[in-house]
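Here the protein sequences come in this chain order: Y and S. Take 2 as the starting number for the first sequence in the working numbering and just add one per residue. Take 2 as the starting number for the second sequence in the working numbering and just add one per residue. Working notes for the structure below.
2 protein chains.
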Amino acid sequence: MVQTNTSNKFKDQWIVFIHDLQDAICKKLEAIDGKATFIEDKWERGADGGGGKTRVISNGNIFEKGGVNTSVVYGEVTDTMRKQLKINGEQWFAAGLSLVIHPQNPFVPTVHCNYRYFELYENGEVADRWFGGGTDLTPYYLFEEDATHFHQTYKNICDQFDKAFYPEFKKTCDDYFVNTHRNNERRGIGGIFYDHKKPGEKQDAAFWMGFAKACGYAFLDAYIPIVEKRKDIPFNEQHKYWQEIRRGRYVEFNLVHDRGTIFGLKTNGRTESILMSLPPTVRFDYNYQPEKGSPEAALQEICLHPKDWIKENELDKMDADEWARRVNTTC
Amino acid sequence: MVQTNTSNKFKDQWIVFIHDLQDAICKKLEAIDGKATFIEDKWERGADGGGGKTRVISNGNIFEKGGVNTSVVYGEVTDTMRKQLKINGEQWFAAGLSLVIHPQNPFVPTVHCNYRYFELYENGEVADRWFGGGTDLTPYYLFEEDATHFHQTYKNICDQFDKAFYPEFKKTCDDYFVNTHRNNERRGIGGIFYDHKKPGEKQDAAFWMGFAKACGYAFLDAYIPIVEKRKDIPFNEQHKYWQEIRRGRYVEFNLVHDRGTIFGLKTNGRTESILMSLPPTVRFDYNYQPEKGSPEAALQEICLHPKDWIKENELDKMDADEWARRVNTTC
């Protein structure tokens, strides 16, 4: 297992990146919460290689439960991996940051992001490598301007790298976070998601590394302004009830459909770090239906029928400077 | 699809049985609850064949959420079925009763039972048939006498049919309801579970039909006395908190591991009827650990290490009459 534990340029850079990003995000979330702080659990995989830093926040002023986790793990390629991940090779290395934040206030959306890097080895050499990641938003009440701001932030990042990215990754995201057992209802209003991006001639490893870094830090630009705008909206028991019903859908997606969660749970991953994604309090009512014409029904409708959040005309008019003025940059 | 919709002796008997049992159980549960009544949703599979009667109860004095469902469904054998269920044949028929009850009071256990019958057809003839079923108990606080009573009730039924059944079906149950991702913690204290029981020379279809009927009606003997004994125990917020944490484990098992749930959700089953099994309110805390030496820790310990609830010596001494006196027969 020597190969998987030795360094190379991209691996080393990636490990620094995810830990720096973890620090930056935790610091900012603590600052805005003003009450709760992250508690860190370091864990090791034992007989297998590597481990992680799980950081959880709970019962804050704003954040009811959240985790910002990093893991740097490696090992021998197993038969299960060959089958389920469809990979060859002898050893593997994977490192990533994974984040889920569940706010108290139903008017503040839940958010998830994940950025990961994978290497495969044969005969002691890197035989393959790829990048994946994304960020998606799960509101309980729909504010169109928030959805547009969130998508616009990632579109702008994408456009700096490749104009084809945003439409592709937006669609991949809409197609992935789907409760197929609920008439293809989406988990939320999406964002971007990309996977298995292997370095090519033009878009080499440095390119994908840069893209992941830009997307990773954009999390703060994309999410924090929404938190600040919605955190003080008064809410009542009915709003909370609806949030908990929708959190049930989040649980359903993560446990029934999310490949990473299921693979982790079935292959001896660290359960508590994987399931930190689950919301703190949840309701499962039989056949719950929001009232027709209500804000709750509007949210459900948008999850059933994802839409384009960027108005192309506006976008064409907006240059990078204008976009920068609109976004409350935080890093 | 004519064959799957025509009658035969066992199919007809089974359909009558599950609906009679549904009526009997709902009636008894309503009587003991004293407030809530079951609401029935009849549904049809549309283009496919058959449908069901979903009966749900909620916000009762005793029962916070529950469902007692029957379904009678049939259709063509699909590729998915061939693969996942490992069956051949051209048409299939399945009918069953499925029940999950989540009480308000954390001192009253959750209970699940399911009895089902399956037929496969080739060339218009029944080519194969089998029976399956079981009942298992999920307490939040352990009362050893309740666990013993529950297991004793089913052991006595089993013994009337075959002395080998109880140990076998108890083990099958302990081996099935397992959160493998939580150090093989069981969902509860078990019960009995049997599957794919095909009629043989001695134990013919009438035998298995009789066994399912005896087990099905034993539900009331097994569960109601426990409800009556525990329903008025005062509980506080801490007890409820623990119940909701444990309900989280119930959700994890049902959505991550339960073959029936996952198969149903991924093959266009009726989602609301399948997910009626999920508890009404649930908590997912990061790395929740009960206090050492507490009643909560004792419950967790018994889920990690299933035990034999029947003391063989006592049992040898107990004849059927004595057992009958001990059990508060309800049907």
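Each residue gets a CB set at the ideal place from its N, CA and C atoms; glycine is no exception.
A contact between stretches requires three or more CB pairs, one per stretch, nearer than 8 angstroms, and the segment 221-232 of chain S fails this requirement with the segment 260-273 of chain S. Counting along the chain, residue 96/Y sits inside the beta strand (DSSP E) bounded by residues 92-104.
In the DSSP assignment, residue 20/S falls outside any beta strand (DSSP E) and within the unbroken alpha helix (DSSP H) covering 10-34. No residue range can be given for residue 259/S, since it is assigned to no alpha helix (DSSP H) and is classified by DSSP as neither H nor E. Taking a beta-carbon distance threshold of 8 angstroms, residue 182/Y counts as an interface residue toward chain S.
Taking a contact as a CB-CB distance under 8 angstroms, the pair residue 206/Y and residue 11/Y counts as one, their CB atoms being some 5 angstroms apart. In this structure, DSSP gives residue 75/Y an extended state, which the three-state scheme calls strand. One alpha carbon belongs to residue 272/S, the other to residue 183/Y, and they sit about 7 angstroms apart.
Within the segment 280-295 of chain Y, the residues whose Cβ lies closer than 8 angstroms to some Cβ of chain S are 280, 281, 282, 283, 284, 285, 286, 287, 288, listed in chain order.
Against chain S, the CB of residue 99/Y has no partner CB under 8 angstroms away; the residue lies outside that interface.
Rounded to the nearest whole angstrom, the C-alpha separation of residue 166/Y and residue 53/S is 46 angstroms. Taking a Cβ-Cβ threshold of 8 angstroms, the residues of chain S close to residue 59/Y are 286, 287, in chain order. Note that the C-beta distance between residue 64/S and residue 42/S is not below 8 angstroms. By the rule that beta-carbons nearer than 8 angstroms mark a contact, residue 272/Y touches chain S. Contact of residue 277/S with chain Y is assigned, a C-beta pair being separated by under 8 angstroms. Boundaries cannot be given for residue 183/Y, as no beta strand (DSSP E) includes it and DSSP labels it neither H nor E. Residue pairing by DSSP leaves residue 264/Y without any beta bridge partner. Judged by their CB atoms, residue 284/Y and residue 111/S are not nearer to each other than the 8 angstroms cut-off.
The residues 148, 149, 152, in chain order, have a CB closer than 6 angstroms to that of residue 310/Y in the same chain once the five nearest residues on each side in sequence are set aside.
Straight through space, the alpha carbons of residue 204/Y and residue 136/Y are spaced by roughly 21 angstroms.
Taking a Cβ-Cβ cut-off of 9 angstroms, the neighbours of residue 263/Y in chain S comprise 257, given in sequence order. For residue 128/S and residue 121/S, the gap between their C-alpha atoms comes out near 6 angstroms. With fewer than 16 other beta carbons inside 10 angstroms of its own, residue 260/S counts as exposed. Here the C-alpha atom of residue 8/S lies approximately 37 angstroms from the C-alpha atom of residue 139/S. Within 10 angstroms of the beta-carbon of residue 80/S lie fewer than 16 other beta-carbons, which makes it exposed. Under DSSP, residue 66/Y takes part in a beta bridge, and its partners are 59/Y, 103/Y. The three-state reading of DSSP puts residue 37/Y in coil, since its state is none of H, G, I, E or B. Contact between residue 297/Y and residue 209/Y is ruled out by a C-beta separation of about 39 angstroms, above the 8 angstroms threshold. Under the DSSP assignment, residue 311/Y falls outside any alpha helix (DSSP H); it carries neither an H nor an E label.
Secondary structure of residue 144/Y (DSSP, three-state): coil. Contacts with chain Y at 8 angstroms (Cβ-Cβ) include residue 252/S. Across the set 113/Y, 118/Y, 57/Y, 312/Y, the C-alpha of 118/Y shows the shortest separation from the C-alpha of residue 18/Y. Listed in chain order, the non-local C-beta contacts of residue 60/S below 7 angstroms within the same chain comprise 37, local neighbours out to five positions each way being set aside.
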